[in-house]
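See below for the structure under consideration.
Here it is, written out as structure tokens:
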């Protein structure tokens, strides 16, 4: 069954689906958190295999971000990777978090991308979506 704009408006790069062919996006914690004074610091890197998305990032039409969330402390924040750097150092005040912080990576549009069609999109699955 093909997905449609109604039930699935945008392709998602994920290990759990086939929206992109021969592509991957992984986020890695590259250093253990270090706490100095009132600040927790750690490094995160990403690995992206998708030439079209890499080009969008290089041309600043898309960006890689880290979404941080500590549910108990009601803390949410987004940190942006520089377009030319695949590693970021994140600092969070200890008072902003409680027990744990969830770290998720996303690639988001930084500009209007119309139409959003990439060579790596699975045409058999998505058809004309988006």
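Numbering (the numbering used here), first residue to last: 233 to 362. Glycine included, C-beta positions come from ideal geometry on N, C-alpha and C.
Task: Neighbour-count burial assignment, residue 265, 16 or more Cβ in a 10 Å radius - done: Exposed.
TODO: Quick one: using the 10 Å Cβ neighbour count with 16 as the cut-off for buried, is residue 290 buried or exposed?
DONE: exposed
Open item on the list: One question on the structure: do residue 310 and residue 272 come within less than 8 angstroms of each other, judged by their Cβ atoms?
Closed with: With respect to the 8 angstroms criterion, residue 310 and residue 272 are not classified as neighbours on the basis of their beta carbons.
Open item on the list: Pull the bridge partners of residue 246 from the DSSP assignment, please.
Closed with: For residue 246, which the question treats as bridged, DSSP gives no partner whatsoever.
Open item on the list: Taking contact to mean 3 or more Cβ pairs, one atom from each stretch, closer than 8 angstroms, check whether the stretch 317-333 and the stretch 241-256 are in contact.
Closed with: Not touching, per the Cβ criterion.
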